[in-house]
Each structure stands twice: as structure tokens, then as C-alpha cells.
Amino acid sequence: MNEPSNNINAEMIYPRPQLKRENAWQLLDGLWDFTVNLSNSDSHDKITYDQRICVPFAPETELSGVTVPDRFMSCWYRRKFEWNTKNNSKSILHFEAVDQTAEVWVNNQYAGKIGGPVRSSLDITQHLNQREQEVVVHVIDDPSDMTQSRGKQDWREQTHIIWYPRTTGIWQSVWIEDVPETSIEKVRFDPRVTSWNIGLDIMLSGNDERRAPWNGWLEVTLTHNDKLLASDRYQVCSKLIQRRITIDDPGVIDERAELTWSPEHPNLIDIDIKLVDDSGNTIDQIKSYTAMRAIGSLDGRLTLNGMPYFSRMVLAQGYWQESGLTAPDDNALRKEVELTKAMGFNGVRLHEKVESERYLYWADRLGLMVWGELGSNYAFVPDDFTKIQSIWIRRVQRDFNHPCVVAWVPVNESWGYPALLEDQQQVHAMRSLYHLTRAIDPTRLVIGNDGWEMFDTDIIAVHDYEGNADILNQRYDLSQRTWPEIFKQEQPGHRQLLLDDRVYENQPVVLSEFGGVKLSDEGNDSWGYTNASDTKDFAQAYMLLLRFANKKDLFGGFCYTQLTDTYQEANGLLKMDRTPKIPIEMINKMTTGANIRIQHYLDDPSPLEDAVSTT
């Protein structure tokens, strides 16, 4: 039996930064009993555990500490821990991410089903013992199922081109918290920069669908850098409290900028929400935050807080060599955001993955715009489409309050909808995801199908991996052709860009995938869209491509492929261990379109530690 080390940071990092309680909670990451169940037929109380796994790392990864077969679809986890529920409280067990579905038993009693790349929660109060608890989790994940949300997880025996090792089971944190029987269940913030106010939707727990179970008060306080912005008190008459709080408007753009959020100035507003009874006793209290931030488009340009804003993004797959889809620790997530900003980018496309909320917390706090996605399915089966819809809804709802998220991408390159030119059912399915997203979240932009074969979309998002910048300049020359003519005549990736000529209505055009340059010394098994012979050639290719992509009169922004090498796809600006292939300062200057003396920077490289925070 392998005995892994407990690779968990001793400091407990609260996994849900947008609804944080100071009440009792416990992180259940660390060593769990584990076994692969090849027969998938044993009952939960008859399992023999032969390994110890370090949660939250998936069993396919080095940091998990276990050895597993190349392909399996069933595994079991078990963990014993001490936990007591307070009087008049509930114990909620949270799983931040599990691939794909799982059943849970608590103290030999069935507790429910969980699963997916978004948080699943179970009320396990009725199953608890006085002190010691035991949780058993049975995971089912078919590695060949193409209808489920799987992202970049390969379905073949061996990884190939742009698909990577599989992720099975628990791959984000597991934790338990103590929640009052009557509590603050959900919060939703809707900042309005134009009218300088913030909408609040607060949902309370309770048995009745509409009425609160008792009379009480809700106290809300908004602060910025410890300065009081607003304070209000509402009588609770129902489970849903909806209010709009007006903040004093300085009326001057420069002073407004001291409170608005942008990558350059990521100002956050701290929010304290307290539920009290008629006697003033605190029943529940949570801490959260929001920001005065508005994203939009106008006259073919992206806007941030009502002003034109050019988006310089990089595509991030979110994999680590030793831990796969799971970051090694919270500090790695912070460093990822810092590195991205140090390289000159103001945004990131979190590609084919629902990233940890802890990443979004650092993007909120440090200032990095995010395009949010979902791991794609690859086959369209009408009966399974509702599963994708359900996961997507949960995904959008989870991250609605994060100011860093500026756009949603429900579909990438027609993955999951392979016959859009022939099958109207697939067209309707894809279009429904756009409209569903806009219905849930009207505050952000939605890209209906990133890359090509677009229909309903707020951004024309084009993928073009042509490696010759001169050809790209000719292809997208607006002095020779209009955008509608380009969309009709050009097929980068050999795919039609728009499904209908009426799709284009002067939306911003974003070059949302391009580049993908690989160094030739990465190895024979590595892959990239184009090759560079050495670091000088690599830097030259990047500089010319970025000078093209930085044309503000042409594009609303760009997204370069990619941030890091990811297994055999070795076309990152950084290696998979986050070591830069060329100096960070050099990347930064070229990212913003500068024309630099390449050999100068290669002869005098800037150390990585000078570019990012070490705290």
C-alpha cells in the first residue's frame, strides 16, 4: 500500500470566498482511504480499501499518492473525522468538484448524490453521531462517455494533440460547516455604475417557499478600505429580500475611479450581512464583497465601466504537472494570477475548465478579467443535453458575484454540437445556451460559440492559428474588405465563421485564439500549432503576432494560446512548471504590442522573482 504525504497547507483556506462564515467549519482535505473498484458491484459497507489518497488531488496525479489503472470508472473514498453540530444548527457537507457523479454515505446511512465541476452540498445533520463521523463516497466516471462535461480529458488510451490525462473523482476541496437552521443561504449583488447603486438579492433558508419562519431583521454594511459607504436595516418578511442601496456619487470621473473595479485598479467593496432576531441577537452573519464594475460593448468596441477597453488575454488550461486540474495549493493560484499580469495581460480565458473559486478570489483582488467556460461534451445526445444545461446553470450561478468574470463561453468550437450546418436541433440547443445564460446573467457578455459557426453572440470570437503575421495582416485588412465580407470569405480552421449573415450586428471582434508557437527543443512528442527553432525565433514570432493582435482599430481584444505548456501541448509562454521560456519583462513589452530589440533582452534576462510578488 502506498502512503502519501499529507500535501495540504496547514492553513485552512475558506473555499467559498463570496459567502464566508466565521462559524465552525472544517476542511476535510488530506488523507482518505481509497480503492479502485473495477467490478463496480460491491456495496458501500463491503469495500476493502487498499490505498491512502491525498484529497483533493485526483488519483491520476502524482500528489494523490496512489497508483491506479490507466482506465477505470469506479472508485471509493472513506474518511473518519470528529465533528459536533451545535444546537439549532445544520451540518452541510460540501464537495467543490467531483468527476463525474457520486453517492455519499454518512455513518453507514445514505446521504445523497453529488457531482460535477461545481460545488455540490448535502445536509447531513440527521446522519451524524455525537462525535466521530465517517463519510464514504462512491464515484462513477466513464472515461469513454462523450456526452458528459469532460473538457480536455482524453477519451483515448494515450493523450494526443490538445487532450490531456483524465481526472477521476474528487479534485477540489471537501469541507463541512455549521449553519444556523435559519440562515443566509444565497446572496446576489448587482452593481450599477451608471446609477451608482448596488442591488442585493438575499435568500434565507426556511421550510416555507415564500414566508420566513420568524420575524427578524437584516443588517447590511458596505465598506471600502474600512471607510463606511452605506449601512441599512430591513425587516424580514419573506425568504427573499430584494433591495437596492445607493452609494454617494462623487459625480467626478476621477473620484469615481477610486471605487470602480478594473485590472489596473481592482477596488473591492466589502459587504457584511447580519441576520438578527427582534431582541438584537445575531442568528447568522456572512462576509462577502462586490465591485462597481460594468462590462459592455459600444460601436464595435468592448467597454469597461462605460469606457472603451482593449482586452489582452491569454488562454489558460489550468493544469499542473504534479497535480493535474487541481492547483498544488492556494499560493499557486495567486502566483498564476500574478504571473499573468506580470506578462502584460489584463485578462485570461479559463479554457475548458471550471476553475476553483479561490482563483477567482485572487483575480478579483489582484485585478484580472476572466472569461468563464465549462468543460465541453463532445457528442450531442438530446436526452443528455439537459444535463449540460443543468451544470452550466450551476456554473454561472456560482460565479455571478465575482467582478473579475466579464464574459461567459458556454460552447467552444462547436464541441458537443458537431453538425450545426446540417442539424437544426443542434443549432437550437446551442442557441438555447446563449439565451439561458443571458436570462440568468444579463450583466455580462456571452459568446454563443467561441471560434466559429457563431449564431447568437455578443462578441464575434475568431480562432485563427495562422503563424505568419503578414498573412494575418492581409486576411483582416479592413481597407480592402468589410467585416461581413471577411466573415463570408475566410474560413480559419476550415470552418464557417458565422452560421447566418445576420449574426454580425457591429459586435466587437476578438481574436480569441491564435499563436500556439512551440519551441523545437521541447521534444519529439510535443505539439504546437507552429514551431520556432530557438528562443530568438520564438520571441520574434510572438512579437510579430502580438503586434498584429494589438490593432485596436481592428479588434476589441485578443487571447493568445497559451499561458503554459500543458503536457504534450508545448506551446506555452511558460513551461508547465511556470518557468518562462523568454524573460518576463520581454513578454510584457511584446504583449502590449511593443517592437523591441529581442537580442538585448535575451542577453540580459530579467529574473522571474523580480516580476511577481513573493509573499
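First residue of the sequence shown: 1, per the UniProt record's numbering; consecutive thereafter. In this text, a Cβ means the ideal position worked out from N, Cα and C, and glycines have one as well.
Check: List in chain order: all unbroken beta strand (DSSP E) runs of 3+ residues lying wholly within the region 481-526.; Outcome: 509-515 and 517-519
Check: So for L350, helix, strand or coil by DSSP?; Outcome: strand
Check: As a quick exercise: from R312, S533 and D399, pick the residue whose alpha carbon is nearest that of L368.; Outcome: R312
Check: Under DSSP, the alpha helix (DSSP H) around D364 begins and ends at which residues?; Outcome: E357 to L366
Check: Taking the alpha-carbon positions, what's the T101 to R394 distance?; Outcome: 15 Å
Check: Cβ of L63 within 7 Å of Cβ of F72?; Outcome: no
Check: Helix, strand or coil: which one does DSSP assign to L339?; Outcome: helix
Check: So what does DSSP say about W392, is it helix, strand or coil?; Outcome: helix
Check: In the DSSP assignment, what are the bridge partners of Q51?; Outcome: F34
Check: Below 8 Å on the Cβ atoms is my guess for L218 versus V236; work out the distance and round it to an integer in Å.; Outcome: 6 Å
Check: What do you get for K239, buried or exposed, if any count of 16 or more other CB atoms within 10 angstroms of its CB means buried?; Outcome: buried
Check: Just how far apart, CA to CA, sit T340 and S89?; Outcome: 42 Å
Check: When you compare only the Cα positions, how much space is there between R16 and D534?; Outcome: 44 Å
Check: Do you know offhand how far N473's Cα is from L259's?; Outcome: 39 Å
Check: Hey, quick one: how far does the beta strand (DSSP E) through Q426 stretch, first residue to last?; Outcome: Counting along the chain, Q426 falls outside any beta strand (DSSP E), though it belongs to the alpha helix (DSSP H) covering Q424 to I440.
Check: DSSP three-state call for R16: helix, strand or coil?; Outcome: coil
Check: Can you name the start and end residues of the beta strand (DSSP E) that Y77 belongs to?; Outcome: S74 to E82
Check: Would you report the Cα separation of K46 and K152, rounded to the nearest angstrom?; Outcome: 34 Å
Check: Closest to V509 by C-alpha separation, out of F81, R301 and I162, would be which residue?; Outcome: R301
Check: If I'm right that Q507 touches S297 with Cβ under 8 Å, what's the distance once you round it to whole angstroms?; Outcome: 6 Å
Check: In whole angstroms, what is the alpha-carbon distance linking S390 and N401?; Outcome: 19 Å
Check: By alpha-carbon positions, which one of Y359, D464, R597 and H463 ends up nearest to I13?; Outcome: Y359
Check: Where in the region 202-286 do unbroken runs of the beta strand (DSSP E), each at least 3 residues long, occur, reported from the N-terminal end onward?; Outcome: 216-224, 227-236, 240-246 and 269-277
Check: Quick one: what's got a C-beta closer than 8 Å to Y465's C-beta in the same chain, skipping five residues either side?; Outcome: P492, G493, E513, F514, G515, G516, Y529, T530 and T561
Check: Which whole-angstrom value is the C-beta distance of E322 and T61, which I expect to be below 8 Å?; Outcome: 7 Å
Check: Got a sec? Which residues, its chain only, sit under 6 Å from A429 by beta carbon, not counting five neighbours each side?; Outcome: F385
Check: What do you get for Q18, buried or exposed, if any count of 16 or more other CB atoms within 10 angstroms of its CB means buried?; Outcome: buried
Check: Note down, in chain order, each residue of its chain lying with its Cβ closer than 6 Å to the Cβ of T344, except the 5 sequence neighbours on either side.; Outcome: Per the sequence presented here, residue 344 reads as Gly, with Thr not at that position. Excluding sequence neighbours, G344 sits near N588, T591 and T592.
Check: With the cut-off set at 7 Å, would you say residue 619 and L200 are in Cβ contact?; Outcome: The structure shown does not extend to residue 619, since the chain spans only 1 to 615, so no value can be given for it.
Check: Look at the alpha carbon of R597 and the alpha carbon of K536, and state the distance between them as a whole number of angstroms.; Outcome: 10 Å
Check: At a threshold of 6 Å, does L333 count as lining the ligand ADP (C-beta to nearest heavy atom)?; Outcome: The ligand ADP is absent from the structure shown, which contains no ligand whatsoever.
Check: Spatial neighbours of A294 within its chain, please: C-beta separation below 6 Å, excluding the five flanking residues on both sides.; Outcome: V193 and N305
Check: For G251, is the classification buried or exposed, using 16 other Cβ atoms within 10 angstroms of its Cβ as the cut-off for buried?; Outcome: exposed
Check: What are the residues that DSSP puts in a beta bridge with S39?; Outcome: Looking at the DSSP assignment, S39 forms no beta bridge with any residue, so it has no partner.
Check: Rounded to whole angstroms, what is the Cα-Cα separation between Q426 and E352?; Outcome: 20 Å
Check: Have a look at Y234, E96 and W452 and flag the residue whose alpha-carbon is nearest the alpha-carbon of L325.; Outcome: E96
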